[in-house]
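Asks: The opening position of the sequence shown corresponds to residue 9 in the numbering used here, with each subsequent residue numbered one higher.
Where a beta carbon is used, it is the ideal one built from N, C-alpha and C, also for glycine.
As the structure is a computational prediction, the values presented were derived from the model and not from experiment.
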Amino acid sequence: MAQAVKRLFPDVKLGTGPAIERGFYYDFQRKEPFTPDELIKIENEMRNIIKENYRIERIEKNKEEAKEILKYEPFKLEIIDEIEDEMVSFYKQGEFIDLCEGPHLNSTGEVKFFKLLFVSSSYWRGDEKRESMQRIYGISFETKEELENYLKFLEEAKERDHRVLGKKLDLYSIHPEYGPGLIFWHPKGAIVRKIIEDFWKEVHLNNGYELVYTPHIADISLWEKSGHISFYSEYMFPKMEIDQEKAYQLKPMNCPFHIQIYNSKLRSYRDLPIRWAELGTVYRYEKPGVLHGLLRVRGFTQDDAHIFCTPEQIEDEVCKIIDLVYFFLKSFGFNEYKVFLSTRPEKFVGSIENWERATKALQNALNTKNIAYEIDPGEGVFYGPKIDIKIKDCLGREWQCSTIQVDFNIPEKFDLKYIGSDGSFKVPILIHRAILGSLERFFGILIEHYKGNFPLWLAPEQIRILPIAERHNEYCINLKNRFEKEFRIGIDLRNEKINKKIKEAEDEKVPYMIIIGDKEIKEGKLSLRKHGKGMIGILNFEEIENILKEEVKNRK
Ligand code: ZN
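1) Considering only the alpha carbon of each residue, which of E65, R55, I91 and L78 lies closest to G117?
2) Cβ of L262 versus every heavy atom of the ligand ZN: is any distance shorter than 7 Å?
3) Using a Cβ-Cβ cut-off of 6 Å (strictly less than) and excluding sequence neighbours within five positions of E68, which residues of its own chain qualify?
4) Could you check the C-alpha separation between I443 and I412 for me, to the nearest Å?
5) Output needed for G61: all residues of its chain with C-beta closer than 7 Å, excluding positions within five of it in sequence on either side, in chain order.
6) Alpha carbon to alpha carbon, how far is P264 from S229? Give it in angstroms, no decimals.
7) State the Cα-Cα distance for the pair K175 and K355, rounded to the nearest angstrom.
8) Under the criterion of a Cβ to heavy atom distance below 7 Å, does H440 qualify as lining the ligand ZN?
9) If you draw a straight line from the C-alpha of I329 to the C-alpha of I471, how long is it?
10) Could you name the residues that DSSP lists as bridge partners for P475?
11) In its own chain, which residues sit with a C-beta less than 8 Å from the C-beta of Y256, not counting the 5 before and 5 after it?
12) Would you mind stating whether Y381 and F348 have Cβ atoms separated by less than 8 Å?
13) Could you tell me which residues DSSP pairs with G578 in its beta bridges?
14) In whole angstroms, give me the CA-to-CA distance for D169 and L303.
15) Ignore the nearest five residues each way along the sequence and tell me which others in P41's own chain have a CB closer than 6 Å to its CB.
16) Spatial neighbours of G197 within its chain, please: CB distance less than 6 Å, with the 5 preceding and 5 following residues excluded, ordered by chain position.
17) Quick check: does the Cβ of D312 come within less than 7 Å of any heavy atom belonging to the ligand ZN?
18) Distance check for F342 and F335, CA to CA, integer angstroms please.
19) Measuring CA to CA, which of S535, V298 and L177 is closest to D135?
20) Would you identify the three-state DSSP class for D312, choosing helix, strand or coil?
21) Answer yes or no: do I522 and Y483 have a C-beta to C-beta separation smaller than 8 Å?
22) Could you check the C-alpha separation between Y426 and E325 for me, to the nearest Å?
23) Taking its Cβ as the centre, do 16 or more other Cβ atoms sit within 10 Å of K259, making it buried, or is it exposed?
24) Go through the segment 498-549 residue by residue and report every complete run of the alpha helix (DSSP H) that reaches 4 residues or more, in order.
25) Between R138 and the rest of its own chain, which residues show a CB-CB distance below 8 Å, the 5 nearest in sequence each way excluded?
26) Within this structure, are the beta carbons of T222 and G288 separated by less than 8 Å?
27) In angstroms with no decimal places, state the Cα-to-Cα distance between E320 and Y217.
28) List the residues that DSSP assigns as beta-bridge partners of Q413.
29) Measuring only the C-alpha atoms, how far is I434 from E92?
30) Decide if S507 is buried, meaning its Cβ has at least 16 other Cβ atoms within 10 Å, or exposed.
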């Protein structure tokens with residue numbers, strides 16, 4: 009692709025072009041973005057290069073020679089200066105030569121089926137203070153069938169894009185001019201969130217948790233003590249200076265607050281485990297380039313909880329959390345999971361002995377629950393090992409939501425203690441956990457998973473009553489009043505054709521429609537229609553009420 013771009017647009021400067029999880033990209037410096045027509049031209053030139061079937065050679069040069077070869081490519085020169093080795097490797101095909109560690113194919117003729125997908129703008133090195141670049145994404149496969157399947161998958165993913173559906177269904181908005189990555193929940197999105205929150209709180213209260221609420225800001229000294237200033241400052245919003253002596257910090261995590269509650273009085277081993285849950289809103293200063301709809305944001309509400317327990321209780325507590333995770337994920341329609349155990353990273357705090365004990369406890373819990381898992385070596389958090397649970401959505405995409413982290417560092421830092429059964433002071437273990445991850449992100453995943461067709465228990469508007477003519481309106485208003493006690497119900501009293509009313513309710517993905525005309529009123533029955541399925545039948549009020557109640561209750 010880079011060779012084709014250089015042939016067609018010789019003035020374009022080359023950035024870098026790695027292979028990524030799905031396909032590849034290349035960054036080019038050019039004022040205007042590449043147009044769709046230009047992408048087609050580039051694809052055609054790529055086909056020429058494949059036909060010309062150049063041998064791809066690896067060449068090694070010392071740095072001086074390397075700089076001579078790439079003297080007109082300023083970004084490449086920058087990279088060469090940063091390479092520590094004496095020798096620099098190149099790959100050459102035809103007239104084109106590029107820096108690369110390799111390996112590459114043997115010849116350009118080995119490239120089979122490919123497609124350039126889209127263009128986005130980026131910054132050199134992802135740094136907004138550096139030059140802006142034009143990034144072209146592409147994909148390639150060995151067979152035509154694989155390429156076609158992938159393009160179909162992309163098409164399907166596009167139709168499910170939560171940013172498009174979020175707007176179409178009036179669920180939320182973002183106003184970048186007043187803060188990129190900050191979510192405004194509209195009434196229809198907010199009602200879904202309220203249902204999730206109520207369900208979440210009820211289940212937690214029934215499972216031995218207590219609810220807490222904590223502030224959004226705290227004195228900077230709290231964050232110095234917790235280690236966030238040293239380990240996490242790049243993700244924190246700049247501090248708020250109140251005067252020369254005082255500065256406050258928006259919270260990026262809830263933990264230090266829950267710890268203050270723990271430390272507000274003396275605890276005994278009889279009090280443990282203590283389980284505190286909070287839907288805690290946190291702020292993280294994500295780079296503008298990575299923000300993405302609801303999935304990557306700067307302000308979000310974690311479904312957070314902290315468990316304070318004795319070392320002997322870790323395994324049992326982790327088993328309980330795993331049960332809770334699976335219960336929630338299943339309730340939201342996710343039945344396939346991938347579980348990872350992340351172990352000690354290179355930079356860590358605490359003793360190796362503690363790390364091993366905590367890792368073993370997590371492992372034992374997974375074995376007790378008979379859960380297959382993969383080990384993610386070195387991917388633990390600096391304060392302890394963790395279990396991550398990824399869900400698979402209906403397109404087979406994986407999303408990381410739930411995390412369970414064992415921490416023996418923060419309890420020591422904040423001098424947490426409890427009186428043990430022998431009367432001496434001991435340090436409790438802290439378990440951090442989130443199940444849905446963040447409400448914003450989870451909502452985004454739900455929108456895509458369901459394609460905006462929320463199951464009845466979550467749907468913002470569960471039923472819409474559609475009178476056929478104006479003379480049926482009054483009857484319908486009475487009907488609405490009867491349903492209102494149990495359901496979120498709408499009514500379309502406009503003087504419009506019934507087909508138009510149905511189409512709009514379908515477009516707005518309302519799960520059920522009740523249609524009322526002369527016949528229904530005369531028989532005292534209701535015509536029930538289901539979104540995407542059409543007419544279900546003519547039923548009486550109680551029958552419909554029971555069917556729908558059952559569907560809500562079972563979270564079908
Ligand atoms: Zn925490």
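Replies: Inspection of the coordinates gives the following:
1) R55
2) Inspection of the sequence shows that residue 262 is occupied by Asn rather than by Leu. Flag set: Cβ of N262 near the ligand ZN.
3) M95 and S97
4) 8 Å
5) The sequence given here has Asn at residue 61, not Gly. S115, T116 and G117, listed in sequence order.
6) 11 Å
7) 42 Å
8) yes
9) 35 Å
10) I524
11) I225, A226, D227, I228, K247, M248 and I250
12) yes
13) Examination of residue 578 is not possible in this model, given that the chain is present from 9 through 564 alone.
14) 11 Å
15) V127 and Q142
16) L179 and Y180
17) yes
18) 10 Å
19) V298
20) strand
21) no
22) 18 Å
23) buried
24) 506-515 and 526-531
25) Y131 and W132
26) yes
27) 19 Å
28) K394 and H440
29) The displayed chain sequence assigns Lys, not Ile, to residue 434. Using only the alpha carbons, I get a separation of about 49 Å.
30) Checking the sequence shown, residue 507 turns out to be Asn, not Ser. It counts as exposed.
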